[in-house]
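Chains as they are written, first to last, in the UniProt record's numbering: chain A, 1 to 131; chain B, 1 to 131. Think of the CB as a built atom: it goes at the ideal place given N, C-alpha and C, for glycine as much as any other residue. Because the structure is a prediction, the values reported are computed rather than measured. Working notes for the structure below.
Number of protein chains: 2
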Amino acid sequence: MNIGDVARRSGLPAKTIRYYEDIGLITPLRSANGYRTFRDSDLHKLAFLGRARALGFSIEDCRNLMTLYEDQSRASADVKRIASDHLEKIDAKLAELQQMRATLANLVSCCAGDNRPDCPILADLATDPEH
Amino acid sequence: MNIGDVARRSGLPAKTIRYYEDIGLITPLRSANGYRTFRDSDLHKLAFLGRARALGFSIEDCRNLMTLYEDQSRASADVKRIASDHLEKIDAKLAELQQMRATLANLVSCCAGDNRPDCPILADLATDPEH
DNA sequence: GATGGTGCTTCCATCTACTGGAAGGTCAAG
DNA sequence: CTTGACCTTCCAGTAGATGGAAGCACCATC
């Protein structure tokens, strides 16, 4: 299977698939004309990667998760630790974003949004943090 | 005032302040020895930038917000539009993260986390999306 | 066999917002 | 005069792709 077909089937852009090969996440074969040739196992890995990336795992996490996936003697604790760490990061990010959202939504709701210059959003941004 | 003092006062790393000058967000003066010399207006701008960045505005948004801030004949509608657009992006990101979090938390809670290889997290990642 | 269109290849640059580090000049204290 | 804390510039690297150029490969048609 050529990269175009794989891209359609996996939902990943061809560019991304080449990139994943570049960084050693997959190693498709090559046919005589130099084209990449993807096996079912490559497709499978790409699906795994796509799913893990969709859950927000970093590329390095994905690499480790794939290694664990292929290791029949893995301990599920190792997988769980990666996932739990990631969950913590997501929670931290969520808390940060929620804080931003609250402040910003408040400011937006206070701004008239007309053609006059007075603006509570700018006023807030210009606030000296010491006061 | 030298960059070290400004860094302490603004809470921004000196590196970041130099970077902000590099991309034209501030233009401190220079003293005879080549050191940057910051005026109150520079400090004020850096505080504005720090606050805007803390609210998640992109550098380009910050640039536009600063321009509006300095434009006495601005319309608050222009500020509000930037902030509302940003709020929408935050909401989109929040929704995405919450979805990730829900899926991930569920998987983590289902994983025994022991020394056996069976792992619902890996099982989920390996799921063929067509089924 | 020439041509055209699509698909594949590599390589290099670009994006965001910094951050790290090297090499070297400056300044105040002792 | 030396030491140490500052300051300077410049270059490289981070994450995870993405855009684009230049150039083969392949297939269908005329």
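**Prompt:** Do B/L104 and A/L87 come within 8 Å of each other at the CB atom, strictly closer than that value?
**Reply:** yes
**Message:** In the DSSP assignment, the alpha helix (DSSP H) including A/N64 goes from what residue to what residue?
**Reply:** I59 to E70
* Nearest chain A C-beta to B/H131 closer than 8 Å, yes or no? -> The predicted model places B/H131 with a pLDDT of 49, which falls under 50 and marks its position as unreliable; any figure quoted below should be read in that light. So, not an interface residue.
**Message:** Below 8 Å on C-beta distance, what does A/A32 contact in chain B?
**Reply:** None at all; the shortest Cβ gap to chain B is about 30 Å.
### Partner residues on chain B for A/V79, Cβ-Cβ distance less than 7 Å
C111, C119, I121 and L122
Item to complete: Return no unless some Cβ of chain A is closer than 8 Å to the Cβ of B/Y69.
Response: yes
If we count the other Cβ atoms within 10 Å of its Cβ and call it buried at 16 or more, is A/R51 buried or exposed?
buried
query = For A/L94 versus B/Q72, is the C-beta spacing smaller than 8 Å?
reply = no
_Which residue wins for smallest C-alpha separation from A/I23, given the options A/L49, A/G34, A/R9 and A/A83?_
A/L49
*Nearest chain A C-beta to B/N2 closer than 8 Å, yes or no?*
no
Where does B/L122 land, buried or exposed, given buried means 16+ other C-beta within 10 angstroms?
buried
message = Taking DSSP's pairing of strands, which residues face B/D127 in a bridge?
response = Looking at the sequence shown, residue 127 of chain B is not Asp but Thr. Note: B/T127 sits in no beta bridge, so no partner.
Exercise for review: Check the Cβ-Cβ distances between B/N106 and every residue of chain A, and say whether any is below 8 Å.
Suggested key: no
For this session: Give me the Cβ distance between A/V6 and B/K80, rounded to the nearest whole Å; I'm assuming they're in contact under 8 Å.
Result: Their Cβ separation, rounded to whole angstroms, is 45 Å, which puts A/V6 and B/K80 out of contact at 8 Å.
TODO: Quick one: which residues of the stretch 31-50 of chain B get their C-beta closer than 7 Å to a C-beta of chain A? List them in chain order.
DONE: A47 and F48
For this session: Going by CA-CA distance only, name the one from A/R36, A/F57, A/T27 and A/L43 that's closest to B/R101.
Result: A/F57
>> The alpha helix (DSSP H) that contains residue 192 of chain B, what's its start and end?
In response: As shown, chain B starts at 1 and ends at 131. That puts residue 192 of chain B outside it, with no answer to give.
Checklist line | Expected contact under 8 Å - CB spacing of A/L68 and A/D61 to nearest Å | finding: Not confirmed; about 10 Å, so no contact.
- Could you name the residues of chain A that B/S76 contacts, counting a contact when the two beta carbons are closer than 7 Å? C111, A112, G113, D114, R116, P117, D118 and C119
Measuring CB to CB, does A/L55 end up less than 8 Å from A/I82?
no
Note to self: Quick check: the Cα distance between B/R116 and A/S84, rounded to an integer number of angstroms?
What the structure shows: 17 Å
Notebook entry, point to check: Between which two residues does the alpha helix (DSSP H) containing A/L49 stretch?
Noted result: D40 to A54
Assuming the contact rule is C-beta atoms closer than 8 Å, A/R63 and A/L25 should be a hit. Round their C-beta distance to whole Å, please. 6 Å
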